[in-house]
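Note sheet for the following structure.
This is the structure:
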């Protein structure tokens, strides 16, 4: 018999059906065995009656996480036995035949035990099977899908950016090195150079892919590898054109999640964000005045925001503007990379922005320098040797339009949509200083 | 005035319009200057008349690849001056105002010069701007889009697989090492382990992302980094279930390209493939008999196909079955990785396949071992220490269904769809032993 998904069993009441899945729970009541069976679509109680010799022999060793195929009659449960908590709680499967598809060893802990986070990470191939983890990564799949959907509709072209990059890495301490046939390559911290080069080809491009940061500190906000969602667009007036597309993208993603992941949001107790048509925007100096006036800390001399500042400003944006998102613009030029464009109307400050989302920076972007001579000068001013960037510089040598873009971490975005404290909860297989899947030995 | 794409100028004949783009060609005819302007949508001739002082001063230095914004009247060209080769060949822009958006230095070669491939690669930020390169990578974007579209419709869940992997890499000489905080990490050659683990979570998964091969040989078929398109599915009967979904996927991609990239195919002189409902399939031994009988080479003792064999078999499949695709199944177990499932009906041979597409292997896949004890034994038989794979093995220890999947190189697939001889022509920024963007110094 063809396999039927558990969520579709209602249309088979009174008939035979075959389901396949994992055993969640086994309960023996005298000679009757109850198995809660889980597949990708839901779960259902299977009832195996006594005195059917062959069947009991097959069923005897079955434990949690065994994979089985069950054939039997789909029956309505007596009124008193209905489990209101499950969509399939009003039916059960009266099993006639059992086939074991995969055996399992004894589990290292009970499935409803609450685990400390390190144990959760130690056993990801098992712990990712919980309803909670499946809900989180279903939402993540919908976010990246909605991201691409938005930029495809806007006629951006998807590109594939390499991760192995040469001597022309942006540099800094947080770059991984890779021995490369007698030379040294690096792992890209972002697809920055390639997306800018490709604006010279397609005008508007987007991409999704892994990026790498050799961060030595372990926090709830940092990862050594994450999925970056990037877009870059030409023929803009200034950074506000990038902010506008980004605002519409956030609303598109939120709309897609409402339409396609409402069940997961409900299960996780997550709320859809407040996203007004115009996302509010403050210059860093204005934001610092807000912090001083509303929260009593004088950070007006700082070149950047602290995590606490980001939380305060998000609180302020929600109260003042009814928005879970807030742009902070015009950071001081000395804190931004060499390709950052200065605002001629506000010298010393960048035509760039961060996007705060529910207390955390999730996007960084802005307008870029597009004139060759200015970019070479900007490199020199940062102490960088333009000769090391000659490949990248070709794009500018041979004509580039005004352009800008942004990069966004998929895991941070997922965590903020779902209100998860630790970004690693929104990362399937997080890389940390002390862990690549298994803990690294001392 | 808002910018109008060149392809949309027909609806503005007799009116003023503003276009922006790159200068393809400049021709001075006496005092009249003709500029061919290119944007992402097309190109058009702009005419700048004499004796308008300010304008000429701005226009005087303009050369190929300068980026300009032009405002003027859209005019029908006299019948005799129509350029039939261009969709906008019947109109021109009579320019009133010019704004320079980006300057360009003198080009290193004329744009219609035919370049040797190394020079093409040396100057990618410029050479990718040709119509040919833009057509190739537009097709590539449509292929990856159609791949995801197909598996989303089939309810596969997208996952993000890490590229930095630990000591439990599949191994072999062709793995890049990465110093990782006093330990050694590796760059993934495929998302194999993660997609199998995630079958235990979502049953059906797909992913797209970069993978890395430290190949020391430079050929037209190999890359040191490429984009891998992967899918993995649970609750299959055998490898033929995977082959079926793959066949439907190929037809979906071909259909999407017909619908969305017909113009690019026409420009590149590429033909849409012949893809029958059932893609023909031969066991390796049957394929070797065909080679012996039809092409006169006795390769029946070989454990694999050579590039020449792949070309012959594709030729045979086209003639015999009217198909540009051909599955080759049942390679000897000793040539396949430890997770490969043996066919119980054909001992010594794998429930696995390669897909040949127009003379080249573009996909490898098959059914996997899903029983813990059998997988541990298979590792030992290949001389691998199961302790090094303990994270991956958890998935099997705690219950896995029969499953299988495949991996496919986006660049090879693009090259085969378009009939490009060198896979590097279908790679935006190819990594080779002697090159990462720039040539590596000796």
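Chains as they are written, first to last, in this note's numbering: chain A, -18 to 423; chain B, -18 to 423.
We put the beta carbon where it would ideally sit given N, CA and C, even for glycine.
Test item: CB-CB of residue i and residue j under 9 Å
{"i": "residue 82 of chain B", "j": "residue 27 of chain B", "result": "no"}
{"i": "residue 109 of chain A", "j": "residue 391 of chain A", "result": "no"}
{"i": "residue 376 of chain A", "j": "residue 178 of chain A", "result": "yes"}
{"i": "residue 142 of chain B", "j": "residue 190 of chain B", "result": "yes"}
{"i": "residue 2 of chain A", "j": "residue 54 of chain A", "result": "no"}
{"i": "residue 245 of chain A", "j": "residue 117 of chain A", "result": "yes"}
{"i": "residue 340 of chain A", "j": "residue 292 of chain A", "result": "yes"}
{"i": "residue 132 of chain B", "j": "residue 174 of chain B", "result": "no"}
{"i": "residue 72 of chain B", "j": "residue 61 of chain B", "result": "no"}
{"i": "residue 256 of chain B", "j": "residue 305 of chain B", "result": "yes"}
{"i": "residue 183 of chain B", "j": "residue 137 of chain B", "result": "yes"}
{"i": "residue 224 of chain B", "j": "residue 398 of chain B", "result": "no"}
{"i": "residue 43 of chain B", "j": "residue 21 of chain B", "result": "no"}
{"i": "residue 384 of chain A", "j": "residue 213 of chain A", "result": "yes"}
{"i": "residue 76 of chain B", "j": "residue 4 of chain B", "result": "no"}
{"i": "residue 407 of chain B", "j": "residue 416 of chain B", "result": "no"}
Cβ of residue i within 9 Å of any chain B Cβ
{"i": "residue 304 of chain A", "result": "no"}
{"i": "residue 20 of chain A", "result": "yes"}
{"i": "residue 343 of chain A", "result": "no"}
{"i": "residue 316 of chain A", "result": "no"}
{"i": "residue 211 of chain A", "result": "no"}
{"i": "residue 146 of chain A", "result": "yes"}
{"i": "residue 39 of chain A", "result": "no"}
{"i": "residue 198 of chain A", "result": "no"}
{"i": "residue 301 of chain A", "result": "no"}
Closer than 9 Å to chain A by CB, residue i
{"i": "residue 164 of chain B", "result": "yes"}
{"i": "residue 237 of chain B", "result": "no"}
{"i": "residue 219 of chain B", "result": "no"}
{"i": "residue 412 of chain B", "result": "yes"}
{"i": "residue 155 of chain B", "result": "no"}
{"i": "residue -11 of chain B", "result": "no"}
{"i": "residue 325 of chain B", "result": "no"}
{"i": "residue 175 of chain B", "result": "yes"}
{"i": "residue 69 of chain B", "result": "no"}
{"i": "residue 249 of chain B", "result": "no"}
{"i": "residue 86 of chain B", "result": "yes"}
{"i": "residue 418 of chain B", "result": "yes"}
{"i": "residue 425 of chain B", "result": "There is no way to answer for residue 425 of chain B, as the model of chain B reaches only from -18 to 423."}
Bridge partner(s) assigned by DSSP for residue i
{"i": "residue 420 of chain A", "result": "A:416"}
{"i": "residue 211 of chain B", "result": "B:188 and B:388"}
{"i": "residue 347 of chain A", "result": "A:333 and A:386"}
{"i": "residue 166 of chain B", "result": "B:159"}
{"i": "residue 26 of chain A", "result": "A:17 and A:73"}
{"i": "residue 56 of chain B", "result": "B:73"}
{"i": "residue 10 of chain B", "result": "B:13"}
{"i": "residue 264 of chain A", "result": "A:310"}
{"i": "residue 139 of chain A", "result": "A:187"}
{"i": "residue -16 of chain A", "result": "A:-1"}
{"i": "residue 206 of chain A", "result": "A:193"}
{"i": "residue 83 of chain A", "result": "A:48"}
Top-ranked residue by Cα proximity to residue i, from the options
{"i": "residue 41 of chain A", "options": "A:185, A:328, A:169 and A:12", "result": "A:12"}
{"i": "residue 70 of chain A", "options": "A:312, A:220, A:309 and A:-10", "result": "A:-10"}
{"i": "residue 258 of chain B", "options": "B:269, B:233, B:5 and B:284", "result": "B:233"}
{"i": "residue 18 of chain B", "options": "B:-1, B:371 and B:30", "result": "B:-1"}
{"i": "residue 420 of chain A", "options": "A:104, A:267 and A:-13", "result": "A:104"}
{"i": "residue 154 of chain B", "options": "B:387, B:134, B:135 and B:205", "result": "B:205"}
{"i": "residue 294 of chain B", "options": "B:318, B:314 and B:336", "result": "B:336"}
{"i": "residue 261 of chain A", "options": "A:385, A:221 and A:408", "result": "A:221"}
{"i": "residue 342 of chain A", "options": "A:369, A:196, A:309 and A:359", "result": "A:309"}
{"i": "residue 347 of chain B", "options": "B:358, B:330 and B:361", "result": "B:330"}
{"i": "residue -17 of chain B", "options": "B:411, B:264, B:181 and B:52", "result": "B:52"}
{"i": "residue 307 of chain B", "options": "B:315, B:320, B:317 and B:290", "result": "B:290"}
{"i": "residue 140 of chain B", "options": "A:400, A:410, A:415 and A:418", "result": "A:410"}
Decide if the region 276 to 283 of chain A is in contact with the region 317 to 335 of chain A; the criterion is three or more beta carbon pairs, one per stretch, under 8 Å apart. At 8 Å Cβ cutoff, the stretches do not touch.
Does the region 134 to 148 of chain B come within contact of the region 157 to 166 of chain B, defined as at least 3 CB pairs closer than 8 Å? By the Cβ criterion, the region 134 to 148 of chain B is in contact with the region 157 to 166 of chain B, since at least three pairs of Cβ atoms, one from each stretch, lie closer than 8 Å.
Would the region 364 to 374 of chain A and the region 89 to 97 of chain A be scored as touching if the rule is three or more Cβ pairs under 8 Å? Judged by Cβ distances under 8 Å, the region 364 to 374 of chain A makes no contact with the region 89 to 97 of chain A, as fewer than three pairs qualify.
Pair every Cβ in the region 342 to 355 of chain A with every Cβ in the region 377 to 389 of chain A, then say whether three or more of these pairs are closer than 8 Å. Verdict: yes, contact present.
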